[in-house]
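Worksheet: one structure, shown below.
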Amino acid sequence: MNFLYLFGIMKIYFRDNFCTIYKLQLNFLVTYLTDKGVDIVYNPAQADIIILGLCAAFEADEARSIKIIEENMCFALGGGKKIIVYGCFSKVREDILKKYHEIKYVYLWEIDKILNELCINNDDFYPYESMWPSNFRLKEDYRVYDKKKKFIGISTGCSFDCVYCPHKLGSGNLKSRKLDSILEQINQLKNEDVEKIILTGTDTAAYGKDLGIEFADLLEAIMAELDKMQKNIKIRIAQFNPEGLNDKYETLLKLCKDNRVEEFQMPIQTSSNRLLNIMNRKYTKNQVSEFIEELRKDNENIFLRTDLLVGFPTETMDELLESVEFANKYFDEVAIYKFEFKKGTAMEKCKFDYLSEEEKERRKRNVYEILGNTKCLHHSGGQDMDSLISSDFQKEGGMKNG
Ligand code: SF4
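Our numbering applies: residue 252 is where the sequence shown begins, and numbers increase by one.
See the structure below:
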């Protein structure tokens with residue numbers, strides 16, 4: 252029994268460098284604990300327990316996560332405080348965590364185990380059936396703060412199996428939130444001054460595959476809910492693997508032609524069908540181009556975002572240049588990521604000649620040079636946070652002044 256909790260004096264400090272979906276899930280956990288009488292403090296020195304939510308998507312994220320651990324270890328060593336780590340880092344860099352005997356860690360898909368660590372009964376802890384907050388915990392969690400923008404986390408983990416993927420390695424298999432709990436969350440926005448909602452997850456195209464429904468069904472239900480609320484709220488769709496175009500294509504297209512859908516992020520990674528096949532991503536560049544050409548006929552101002560993976564093993568310069576040309580033709584924003592090998596992914600089983608770091612860097616610079624002469628926004632996301640933040644300000648400023 253945890254006497255601190257029993258006597259309602261448990262103080263917990265949270266720190267994270269999570270991506271959007273896990274910031275929302277973390278805020279759900281913090282809200283749950285607050286409702287249980289736990290005191291959330293904002294200075295680790297005042298805490299009994301320190302919970303760190305750590306990302307491991309890219310090497311740059313791993314470095315940031317290790318820095319956060321080191322900044323808090325003094326409280327465990329000197330202060331006798333308990334440190335619990337959870338997040339993709341727990342799985343992707345379990346090797347590092349094993350060196351810290353003072354640290355307890357749980358995998359991202361075992362969030363309920365945090366309550367066990369706190370000796371708090373979790374009989375009523377149902378993150379996938381319950382309402383989630385539509386905001387992040389802290390103002391500093393936002394790259395561009397906009398109180399009229401709300402986030403709707405729809406699922407964690409993923410059902411696709413891209414061979415290189417650190418996200419699935421760290422977050423596990425797909426878990427979708429129940430449709431009703433998402434619609435209830437949307438409905439709760441009726442009394443708020445909301446201009447746009449962002450549908451987000453590790454991969455939104457995977458939504459519902461563990462519930463026997465598809466993403467298009469969710470989008471249709473959300474639009475019907477907004478109609479019922481008589482609210483003209485814009486919709487942005489994040490992180491949609493184009494493999495999702497294989498499901499309810501016509502329905503999805505019809506829904507996205509609605510001008511309320513103002514942004515759609517579809518990471519293509521490459522336009523080379525040969526490479527897509529090796530990556531185990533089951534779509535073709537023609538599927539993507541046909542969808543976008545049809546979409547823009549009725550929703551011409553939709554802002555389309557994508558990701559390009561640069562330097563994937565066996566990638567030729569022709570394939571890379573063709574992918575950049577394709578991305579510039581069909582998308583308004585491109586995130587340019589240098590390929591990184593991750594232990595624990597299916598890549599380990601594949602025999603490849605990997606490109607050198609220098610060659611990958613040279614190709615990335617090349618892509619920046621090409622896109623630098625176009626109107627296409629570009630950055631390198633978590634691999635280069637400054638580029639991402641400046642791109643966001645450019646975009647939001649532009650869309651605001653649209
Ligand atoms: S769709 Fe995205 S999250 Fe899912 S396995 Fe592929 S890269 Fe990873």
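From the three backbone atoms N, C-alpha and C, an ideal C-beta is built for every residue, glycine too. These figures come from a predicted structure and were not determined experimentally.
Check: When the Cα atoms are used, what is the spatial distance from T451 to L477?
Finding: As a position in the sequence shown, residue 451 is number 200, starting the count at 1. As a position in the sequence shown, residue 477 is number 226, starting the count at 1. Distance between the alpha carbons of T451 and L477: 17 Å.
Checklist line | Under the three-state DSSP convention, the category R266 falls into | finding: Walking along the sequence shown from the start, residue 266 turns up at place 15. In this structure, R266 counts as strand in the three-state DSSP scheme.
Note to self: So, with DSSP's three-state summary, where would you put H352?
What the structure shows: By 1-based counting over the sequence shown, the position of residue 352 is 101. Coil.
Notebook entry, point to check: Under the criterion of a Cβ to heavy atom distance below 7 Å, does N497 qualify as lining the ligand SF4?
Noted result: Within the sequence shown, numbered from 1, the residue matching residue 497 stands at position 246. Answer for N497: no, Cβ out of range of the ligand SF4.
Check: How far does the beta strand (DSSP E) with K505 in it reach, from first residue to last?
Finding: Numbered from 1 along the sequence shown, position 254 holds the residue referred to as residue 505. Run containing K505: none in the beta strand (DSSP E); it sits in the alpha helix (DSSP H), Y500 to C507.
Margin query: Please identify the residue among D312, I263 and K274 whose C-alpha is closest to the C-alpha of Y293.
Written below: Here residue 293 refers to the residue found at position 42 when the sequence shown is read from its first residue. Nearest of D312, I263 and K274 to Y293, Cα basis: I263.
Next item on the list: From the DSSP output, in three-state form, read off D558 for me.
Entry: Locating residue 558 in the sequence shown gives position 307, where the first residue counts as 1. DSSP places D558 in strand when its eight states are reduced to three.
Next item on the list: Rounded to whole angstroms, what's the CA-CA distance from L602 to A314? Just pull it up for me.
Entry: For this step, residue 602 is matched to residue 351 along the sequence shown. For this step, residue 314 is matched to residue 63 along the sequence shown. Looking at the sequence shown, residue 602 is not Leu but Lys. Distance between the alpha carbons of K602 and A314 is about 27 Å.
Margin query: Measuring straight from C-alpha to C-alpha, what distance separates Y534 and I519?
Written below: Taking the sequence shown and counting its residues from 1, one reaches residue 534 at position 283. Taking the sequence shown and counting its residues from 1, one reaches residue 519 at position 268. Approximately 9 Å between the Cα atoms of the pair.
Margin query: Between which residues of its own chain and D468 is the CB-CB distance below 7 Å, once the five residues before and five after are set aside?
Written below: Position 217 of the sequence shown, counted from the start, is the residue given in the question as residue 468. Cβ neighbours of D468 beyond the five flanking positions: G459.
Check: According to DSSP, which residues form a beta bridge with A586?
Finding: Walking along the sequence shown from the start, residue 586 turns up at place 335. Answer is D558 and H630, bridged to A586.
Check: What is the residue span of the alpha helix (DSSP H) that G421 lies within?
Finding: Position 170 of the sequence shown holds residue 421. P417 to S422 is the extent of the alpha helix (DSSP H) around G421.
Check: By how many angstroms is the C-alpha of H629 removed from the C-alpha of E199?
Finding: Limits of the chain in this structure are 252 at one end and 653 at the other, which puts residue 199 out of reach.
Check: Does the distance from the C-beta atom of E514 to that of R487 stay below 8 Å?
Finding: Locating residue 514 in the sequence shown gives position 263, where the first residue counts as 1. Locating residue 487 in the sequence shown gives position 236, where the first residue counts as 1. Yes, the pair counts as a contact, with Cβ atoms nearer than the cut-off.
Notebook entry, point to check: Could you give the residue range of the alpha helix (DSSP H) that holds I571?
Noted result: Your numbering for residue 571 matches position 320 in the sequence shown. As written in the sequence, residue 571 is Leu, which differs from the Ile given in the question. Counting along the chain, the alpha helix (DSSP H) containing L571 begins and ends at M568 to Y581.
Checklist line | Exposed unless 16 or more other CB atoms sit within 10 angstroms - verdict on G330 | finding: Taking the sequence shown and counting its residues from 1, one reaches residue 330 at position 79. Its Cβ having fewer than 16 others within 10 Å, G330 is exposed.
Next item on the list: Identify every run of the alpha helix (DSSP H) within the stretch 598-632, keeping only runs that are complete inside it and at least 4 residues long; order them along the chain.
Entry: 608-623
Next item on the list: Specify the secondary structure class of N652 as computed by DSSP and reduced to three states.
Entry: Sequence index remark: in the sequence shown, residue 652 carries index 401 (1-based). In this prediction, N652 has a pLDDT of 46, which is less than 50 and means its spatial position is unreliable; nothing more can be read from the coordinates.
Checklist line | Residue burial classification, F563 (beta-carbon count within 10 angstroms, cutoff 16) | finding: Taking the first residue of the sequence shown as position 1, residue 563 is located at position 312. Classification of F563: buried, given that the 10 Å Cβ count is 16 or more.
Note to self: Considering only DSSP beta bridges, list what S406 is partnered with.
What the structure shows: Numbered from its first residue, the sequence shown carries residue 406 at position 155. S406 pairs with S427 and G452.
Check: Nearest to K287 by alpha carbon, out of G338, P295 and N373?
Finding: As a working mapping, residue 287 is identified with position 36 in the sequence shown. Comparing Cα-Cα distances from K287 to each of G338, P295 and N373, the minimum goes to N373.
Item checked: As assigned by DSSP and simplified to three states, the class of Y337 -> Your numbering for residue 337 matches position 86 in the sequence shown. Residue state, collapsed to three classes: strand.
Notebook entry, point to check: Where do the ends of the beta strand (DSSP E) carrying I301 lie?
Noted result: Within the sequence shown, the letter at position 50 stands for residue 301. I300 to G304 is the extent of the beta strand (DSSP E) around I301.
Item checked: Beta-carbon proximity of L305 to I319, cut-off 8 Å -> Taking the sequence shown and counting its residues from 1, the one referred to as residue 305 is at position 54. Taking the sequence shown and counting its residues from 1, the one referred to as residue 319 is at position 68. Yes, Cβ-Cβ distance for L305 and I319 is below 8 Å.
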